[in-house]
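Which chain is which? The protein sequence lines are A and B, in order. Final position of the first sequence in my numbering is 213; the numbers increase by one with none missing. Final position of the second sequence in my numbering is 426; the numbers increase by one with none missing.
There are 2 protein chains.
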Amino acid sequence: DVLKDKLGVYLVTDERTDVANCLRVVHQALEGGATTIQLRRKHDDGRVLVEMGHAIREMTRAYHALYIVNDRVDIALLTDADGVHVGQSDIAYKDVRKLLGKDKIIGVSVSSLEEAKGAIHDRADYLGVGSVFPTSSKSDADLCGIRGLQEIANLARERQTKPTPIVAIGGITATNAPDVLQAGAHGLAVVSAIMQAQNPAEAARNFCNLLAK
Amino acid sequence: DVLKDKLGVYLVTDERTDVANCLRVVHQALEGGATTIQLRRKHDDGRVLVEMGHAIREMTRAYHALYIVNDRVDIALLTDADGVHVGQSDIAYKDVRKLLGKDKIIGVSVSSLEEAKGAIHDRADYLGVGSVFPTSSKSDADLCGIRGLQEIANLARERQTKPTPIVAIGGITATNAPDVLQAGAHGLAVVSAIMQAQNPAEAARNFCNLLAK
Ligand code: NI
Numbered sequence: 001d002v003l004k005d006k007l008g009v010y011l012v013t014d015e016r017t018d019v020a021n022c023l024r025v026v027h028q029a030l031e032g033g034a035t036t037i038q039l040r041r042k043h044d045d046g047r048v049l050v051e052m053g054h055a056i057r058e059m060t061r062a063y064h065a066l067y068i069v070n071d072r073v074d075i076a077l078l079t080d081a082d083g084v085h086v087g088q089s090d091i092a093y094k095d096v097r098k099l100l101g102k103d104k105i106i107g108v109s110v111s112s113l114e115e116a117k118g119a120i121h122d123r124a125d126y127l128g129v130g131s132v133f134p135t136s137s138k139s140d141a142d143l144c145g146i147r148g149l150q151e152i153a154n155l156a157r158e159r160q161t162k163p164t165p166i167v168a169i170g171g172i173t174a175t176n177a178p179d180v181l182q183a184g185a186h187g188l189a190v191v192s193a194i195m196q197a198q199n200p201a202e203a204a205r206n207f208c209n210l211l212a213k
Numbered sequence: 214d215v216l217k218d219k220l221g222v223y224l225v226t227d228e229r230t231d232v233a234n235c236l237r238v239v240h241q242a243l244e245g246g247a248t249t250i251q252l253r254r255k256h257d258d259g260r261v262l263v264e265m266g267h268a269i270r271e272m273t274r275a276y277h278a279l280y281i282v283n284d285r286v287d288i289a290l291l292t293d294a295d296g297v298h299v300g301q302s303d304i305a306y307k308d309v310r311k312l313l314g315k316d317k318i319i320g321v322s323v324s325s326l327e328e329a330k331g332a333i334h335d336r337a338d339y340l341g342v343g344s345v346f347p348t349s350s351k352s353d354a355d356l357c358g359i360r361g362l363q364e365i366a367n368l369a370r371e372r373q374t375k376p377t378p379i380v381a382i383g384g385i386t387a388t389n390a391p392d393v394l395q396a397g398a399h400g401l402a403v404v405s406a407i408m409q410a411q412n413p414a415e416a417a418r419n420f421c422n423l424l425a426k
């Protein structure tokens, strides 16, 4: 399954760094083997997002990686993204599908079995499952833990001949990644573990190696 | 000119009130004669914006008013808005046009002659000019004053056989509205003067009467 593999090392951009620095780290992560880049910057205006989107589109194309936009379907359309990722309070899956057409990838964040059932029923292309571990950026309500991840992964397998790929997110590091993969994740979504790494390329390479095992 | 008239009493939604209350005030403003409703809520997530957009679309249709979405082209597309309003740091006019097609209305915020020249050159359907008066929500950098409004209105008239309609915004009240219209504005964009009024319908009616003079 090509999509499942492409979701392996899934970098979500940081909001803390400036634009130029953010793009530099994205480039290094791709150099290290990141397979998907999600543009997620909730506090940037549209014009900056379009500019970043174009830059990430060029880089991901050169590295045969996926480029996904968080929430803003308009930015995804303008910058020729491969898809959109939405949370439970963002535009609903069906509405995103209307705007993007049938061929683009739509990922949906879920943190409970019920949300996972809904997203699978909608035929989301992949599930973003988390938070697996507590993180500073997410409230306790969204915590699903390794146990929750496992239950959702089982659900995705049981119900379907072709299981919906699962990308785990939330506090994932090279240390805990083996447990996350063991629990059924196909992809590892990370922010800080790459964006804040001394050497982002090396950090991405580490995750690639863990996936290859 | 139908568009110019439709922009007369231009209500921009408040961010301070809750969704139900916001929609109730919009309804009252339409009852009082508001001619355009702009959905502008920077801190709401996509799903809430879609819900509000559908509600405003229904109400504005019933009252033959325009429904414009601030910044989010995706929300405008999903809720069948009449157009989109963008600021200088939002998605650029040309990009908005690509997504919306040629028939929808696109308004552009300008606060200087130079920005106005750019927007007129782009063929924006109308200009949002301001802030005319200081407001709590805008920095000093964006203040153009009555003088700036007048210069921009003159520019729009001089350069074109069919002047670009001008909607003034920023601190406009029933008291200062006559000066704003005298300076060349075709429309009065207001937030607090209607959203925070004891009687929003009456407040809207007052502005209608000032425009009719
Ligand atoms: Ni914010």
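C-beta atoms are modelled at their ideal positions from N, C-alpha and C, and glycine is treated no differently.
Query	Result
Per DSSP, what kind of secondary structure is A305/B in: helix, strand or coil?	coil
Looking at the structure shown, is Q411/B part of a helix, part of a strand, or coil, going by DSSP?	coil
Using the C-alpha atoms, what's the distance from T17/A back to L279/B?	39 Å
Would you say I333/B reaches chain A, if we count a Cβ-Cβ gap shorter than 8 Å as a contact?	no
Interface residues of chain B around L127/A at Cβ under 9 Å?	By Cβ distance, chain B contributes nothing, its closest Cβ being about 18 Å from L127/A, past 9 Å.
In terms of residue numbering, what span does the beta strand (DSSP E) encompassing A168/A cover?	166–169
How far does the beta strand (DSSP E) with N70/A in it extend, from its first residue to its last?	66–70
Quick one: what's Y10/A bridged to in DSSP?	T36/A, A189/A
Is there at least one Cβ from chain B nearer than 8 Å to D179/A's Cβ?	no
Going along the region 68–80 of chain A in order, which residues come within less than 7 Å of chain B, judged by CB to CB distance?	D71, R72, V73, D74, L77, L78
How many angstroms separate the CA atom of V73/A from the CA atom of Q38/A?	13 Å
Using a C-beta cutoff of 8 Å, does G53/A count as contacting chain B?	no
Could you have a look at G128/A and say whether DSSP puts it in helix, strand or coil?	strand
Distance, Cα to Cα, G291/B vs K213/A?	Per the sequence presented here, residue 291/B reads as Leu, with Gly not at that position. Rounded to whole angstroms, L291/B to K213/A spans 44 Å at the Cα level.
Does the region 57–65 of chain A touch the region 233–252 of chain B, meaning 3 or more C-beta pairs lie closer than 8 Å?	no
G107/A CB to nearest chain B CB: under 8 Å?	no
With a threshold of 8 Å between beta carbons, is I56/A in contact with chain B?	no
Taking only beta-carbon positions, decide if I194/A is within less than 8 Å of chain B.	no
Helix, strand or coil for I269/B per DSSP?	helix
Quick one: Cα of V297/B to Cα of G314/B, how far?	11 Å
Between R47/A and chain B, is there a C-beta pair that is closer than 8 Å?	yes
Relative to the C-alpha of V345/B, which residue among G259/B, L220/B, C421/B, I382/B is closest?	I382/B
Counting contacts by CB-CB distance shorter than 8 Å, is K311/B in contact with chain A?	yes
S349/B bridges to which residues according to DSSP?	Bridge partners of S349/B: none, in fact.
Since I believe K4/A is in contact with H121/A (beta carbons under 8 Å), could you give me their beta-carbon distance rounded to a whole number of angstroms?	With a Cβ gap of about 20 Å, H121/A and K4/A do not count as contacting.
Please report whether the beta-carbon of S112/A lies at a distance below 8 Å from any beta-carbon of chain B.	no
Between the C-alpha atoms of L99/A and K330/B, what's the straight-line distance to the nearest angstrom?	33 Å
Is the CB of A92/A under 8 Å away from at least one CB in chain B?	yes
S109/A bridges to which residues according to DSSP?	G128/A
Return the bridge partner residues of G296/B from the DSSP annotation.	I281/B, I318/B
Under 9 Å between beta-carbons, which chain A residues line up against V404/B? List them in chain order, please.	Per Cβ cutoff of 9 Å: no residues; V404/B is ~19 Å from chain A at best.
Is DSSP giving D179/A helix, strand or coil here?	helix
In chain order, what residues of the same chain lie with their CB nearer than 7 Å to the CB of V50/A, ignoring the 5 residues before and after it?	I75, L78, T79
Does the pairing of the region 247–261 of chain B with the region 28–46 of chain A give three or more beta-carbon distances under 8 Å?	no
May I ask you to report which of helix, strand or coil DSSP gives K217/B?	helix
With distances taken from CA atoms, which of R147/A, L155/A, C208/A, V190/A is nearest V167/A?	V190/A
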